[in-house]
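Here the structure is laid out as structure tokens; the discussion comes afterwards.
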Amino acid sequence: MNRKMIYVLIVAVLLFVLGIVLFGCNKKEVKENKCTPKIVLNGKEIVNLSLGSKYKDDGFKASCGKKDISKKVKISSNVNENEAGNYEVVYSTSYNGMKAISKRYIKITGKPIYKDCYDNIDNTMHGWWSGNKKDHTRPAGGADINELKKYNAYFMGPNEKVLYLTFDEGGNDTYVKEIVDVLNANGVKGTFFLCGQYILDNKNLIKKIADDGHSVGNHTDNHYSMPTLATREKFSEYLAEIQMIEDSYRDITGKELDKVYRDPRGEWSYRDLQIMKDMGYKSFFYSADYMDFGGDVSKEYALNELMKRYHNGAIYLMHPKNKGNYEALDTFIKEMKKLGYRFDLVKNI
């Protein structure tokens, strides 16, 4: 065998060995690339909680073959510990073009509980005053606007040309139906804070309000002063006032009540607001009102009072029992639109 053939043979052997090495590496890479990502949950897949309890995730581990990819997992959750219902926690990831998803199911049952921390929250009863000026500037209210936000409580919307029409009704001597017709004719939505007996006595109207896209808010069953019930001893009475409205509205409309609340009589406390926040509610006071809850006033007087008080983000309080409010409402809406204002529901604040 001459030297040239020996060189050729050596090169062939080296290429063969190199091919084995490269092929082996490629096989390994292909094998790794074909691994399927998976997510394994720690703890239970179905978790039962009592209303108001804190949900704590037990964690998970995600892998693809022997590679830990847990840091690539995204978690989304719709759990609301303060509202009974069935919820999901979704864990998802994508690796090498393949996806993996796991779900944990959370079932929350029972009634809200009186928390020990409530005893440390001031339950002094306050009366609300709007402080609404008549120069169309945003007023101060009965409490600091930023402090109230901590409790999901508001008395004004954003500093924009938007107004919110809200109506408080407890009795049956009312112009709610006529007001709904005026709102509909003007393409405007309103929020009606209603008490229990009114809802029960006006089922067809409640259905119409819901179907027309207006909002029904919780004004309690019996219009009691709620801070007096915001105690450990009377907490069951407090809950009954709120839940009666929720249950009646659901029975009549087949829908869930919007979680918006207004304290009866304008009487409130920080503990009261915190309890409502924990029940998933936003509480709403008002920044524009006038003495319309006594006897009827004329259309002209009501319109004059309403026009005095508009400002950016104003939440108007009106009582539907006053005929003047109903008669003035159409003109008021049209005048506000001419001034560039739009109308919205307080639930959107």
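In my numbering, the protein residues as written are 25 to 373.
Note that CB positions come from ideal geometry on N, CA and C, so glycine has one too.
A distance below 7 Å between beta-carbons, with the five flanking residues on each side excluded, links alanine 352 to the following residues of its chain, in chain order: Lys323, Ala326, Leu327, Leu330.
In the structure shown, glutamate 291 falls within a strand segment according to DSSP collapsed to helix, strand and coil. Histidine 247 has its alpha-carbon roughly 10 Å from the corresponding atom of glutamate 291. Remark: C-beta atoms of leucine 207 and glycine 214 approach each other more closely than 7 Å.
Secondary structure at proline 163: coil, using DSSP grouped into helix, strand and coil. For the beta strand (DSSP E) assignment, the uninterrupted runs of no fewer than 3 residues enclosed by the stretch 279 to 367 are, from N- to C-terminal side, 306 to 308, 339 to 342.
Around the beta-carbon of arginine 366, fewer than 16 other beta-carbon atoms lie within 10 Å, marking it exposed. Within the same chain, and ignoring the five residues on either side of cysteine 88 in sequence, the residues whose Cβ sits closer than 6 Å to its Cβ are Cys59, Pro61, Tyr119. Three or more beta-carbon pairs separated by less than 8 Å link the stretch 307 to 315 to the stretch 177 to 193, which places the two stretches in contact. With a cut-off of 8 Å on Cβ pairs, the stretch 341 to 350 is in contact with the stretch 191 to 199, counting three or more such pairs. Serine 126 places its beta carbon 7 Å or farther from that of leucine 73.
Taking glutamate 265 as the centre and dropping the five residues before and after it, the same chain places the C-beta of Thr244, Asp245 closer than 6 Å to its C-beta, in chain order. DSSP, reduced to helix, strand and coil, places proline 61 within a strand of the structure shown. The continuous stretches of beta strand (DSSP E) do not include leucine 172, which lies in the alpha helix (DSSP H) extending over residues 169 to 173.
Annotation for serine 116: the continuous beta strand (DSSP E) segment containing it runs 109 to 119. Exclusion of the five residues before and after aspartate 143 leaves Arg256 as the residues of its chain whose Cβ lies within less than 8 Å of its Cβ. Straight-line spacing of the CA atoms in aspartate 82 and glycine 67 works out to 6 Å. If you draw a straight line from the Cα of lysine 123 to the Cα of threonine 117, it is about 6 Å long. In this structure, isoleucine 203 places its C-beta atom within 7 Å of the C-beta atom of tyrosine 350. The stretch 130 to 138 and the stretch 101 to 117 touch, with no fewer than 3 CB-CB distances between them shorter than 8 Å. The beta-bridge partner set that DSSP reports for aspartate 140 is empty. About 4 Å separates the beta carbon of glycine 241 from that of valine 284, a gap short enough to meet the 8 Å contact definition. Looking at the DSSP output, lysine 371 shares a beta bridge with no other residue. Apart from the 5 residues on each side of it in sequence, asparagine 196 sits with its Cβ closer than 8 Å to the Cβ of Gln221, Tyr222, Asp225, Asn226 in its chain, given in chain order. Spatial neighbours of asparagine 147 in its own chain (CB-CB distance under 8 Å, excluding positions within 5 residues in sequence) are listed in chain order as Pro251, Ala254, Thr255, Ser293, Tyr294, Arg295, Asp296. In the assembly as shown, methionine 315 is an exposed residue. Its beta-carbon has fewer than 16 other beta-carbons within 10 Å. Straight-line spacing of the CA atoms in isoleucine 137 and tyrosine 334 works out to 40 Å. Rounded to the nearest whole angstrom, the C-alpha separation of aspartate 320 and isoleucine 145 is 40 Å. In this structure, the alpha-carbon of phenylalanine 216 lies about 17 Å from that of isoleucine 357. Leaving aside the five residues that flank arginine 162 on each side, the residues in its chain whose CB is nearer than 7 Å to its CB run, in chain order, Met180, Asn183, His335, Asn336, Gly337. Contact annotation, serine 154 with aspartate 313: C-beta distance approximately 5 Å; criterion of less than 8 Å satisfied.
Burial is judged here by how many other beta carbons sit within 10 angstroms of a residue's own beta carbon; arginine 274 has fewer than 16 and is exposed. For aspartate 225, no pairing in a beta bridge is given by DSSP. Just measuring C-alpha positions, the residue of Leu363, Lys231, Asp368 sitting nearest tyrosine 340 is Asp368.
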